[in-house]
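Chains as they are written, first to last, in the UniProt record's numbering: chain G, 1 to 120; chain X, 1 to 104. We put the beta carbon where it would ideally sit given N, CA and C, even for glycine.
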Amino acid sequence: MSDAKTQIDETVKANDVVLFMKGNKTMPQCGFSSRVAGVLNYMGVEYNDVNVLADDAIRQGIKDYSDWPTIPQLYVKGEFVGGCDIITEMTLSGELDQLFEANGVAYDKDAAEKIREANG
Amino acid sequence: MTIRQDIIDKLGLGLSIEHLEVINESHKHNVPEGAESHFKVVIVSSAFEGKKLVARHRLLNGILAKTLSTHIHALALHTMTKEEWSISQEAPASPPCLGGGARR
């Protein structure tokens, strides 16, 4: 594995929830990244944010790592979950809640319900 | 040929399609006028039956791999089966641009 892939592999395995994004969780630099970070922030999920704009090797490496061509990318317990459209749909369908519950990730259920009510 | 037409043609060859919208959303972003960099695809196909979202997206990403790696900066995908489409005939709006990461 390349250095970038090793680094990515260690990051997603060492942290329960990791979001590879453009910018960071407090200052996203892309609307797609912002939406996913916004959902996680609002749901009170503890997660690691990795800014791919800070490192070109990671920016390309994360696309190769899961054979997924776009950013953001969300990982839970080392497993790739999806990008912005998938996380949006999973949030609205409640699948994201189930995924967090199945993996023992703490989140605010009321906040998740509020997102669904506002977008129902 | 436009990138939009290229996307339409490639999807049409790769899948049996019930409904397809390929929307160029580039004008909402920090790119030159007339650019074809940001797209939203709403697609209804029997190919998605029994497939989870990640698998559906992977299928489309595979069909569009070359165009994605060379021309497309952002691609929003909304994939539905005929049954799902009959329940809700709309796809969520794409998020607004925040201006970061532009390099073409």
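Could you tell me how far apart the beta carbons of residue i and residue j are, in whole angstroms, since I believe they sit closer than 8 Å?
i       : j        : result
G:Arg35 : X:Pro95  : 5 Å
G:Met43 : G:Asp108 : 5 Å
G:Val76 : G:Ile62  : Not a contact, Cβ separation roughly 15 Å.
X:Trp85 : X:His27  : At roughly 26 Å, the Cβ-Cβ gap does not stay under 8 Å, so X:Trp85 and X:His27 are not in contact.
Which same chain residues end up closer than 6 Å to residue i when comparing Cβ atoms and leaving out the 5 residues on each side of it in sequence?
i       : result
X:Ile3  : Glu36 and His71
G:Lys25 : Ala37 and Asp49
G:Leu40 : Tyr47
G:Asn15 : Asn48
G:Ile58 : Ala4 and Val52
In chain order, what residues of the same chain have a beta carbon less than 8 Å from the beta carbon of residue i, not counting five sequence neighbours either side?
i       : result
X:Leu53 : Thr79
Closer than 7 Å by beta-carbon distance: list the chain X residues that pair up with residue i, in chain order.
i       : result
G:Phe32 : Ala74 and Pro95
Starting from residue i, trace the beta strand (DSSP E) in both directions and tell me its first and last residue.
i       : result
X:Met80 : Ala74 to Met80
G:Met21 : Val17 to Met21
G:Gln73 : Gln73 to Val76
G:Asp49 : Asn48 to Asn51
X:Ser45 : His38 to Ser45
If you follow the alpha helix (DSSP H) that residue i is part of, which residue opens it and which one closes it?
i        : result
X:Leu15  : It is not in any alpha helix (DSSP H) - X:Leu15 carries neither H nor E in the DSSP assignment.
G:Val39  : Gly31 to Tyr42
G:Glu113 : Lys109 to Ala118
Taking 7 Å as the limit between beta carbons, can you name the residues of its chain near residue i, skipping five residues before and five after?
i                      : result
residue 127 of chain G : Nothing about residue 127 of chain G can be reported from this structure: the residues present for chain G run from 1 to 120 only.
X:Lys40                : Ile23, Glu25, Ala76 and Ser94
G:Gln29                : Lys22, Gly23 and Leu53
G:Glu10                : none
Check the Cβ of residue i against every Cβ in chain G and list those closer than 7 Å, keeping chain order.
i       : result
X:Leu77 : Asp85
X:Pro92 : Thr88
List the residues of chain X whose Cβ lies closer than 8 Å to the Cβ of residue i, in chain order.
i       : result
G:Gly82 : Leu53, Val54 and His57
Against residue i, what residues of chain G qualify as contacts under a CB-to-CB distance less than 8 Å, listed in chain order?
i       : result
X:Ser69 : Pro69
Q. For the segment 9 to 37 of chain G, which residues have a CB atom closer than 7 Å to at least one CB atom of chain X, in sequence order?
A. Residues of the segment 9 to 37 of chain G with a C-beta atom less than 7 Å from some C-beta of chain X are Lys22, Gly23, Pro28, Gln29, Cys30, Gly31, Phe32, Ser34 and Arg35, listed in chain order.
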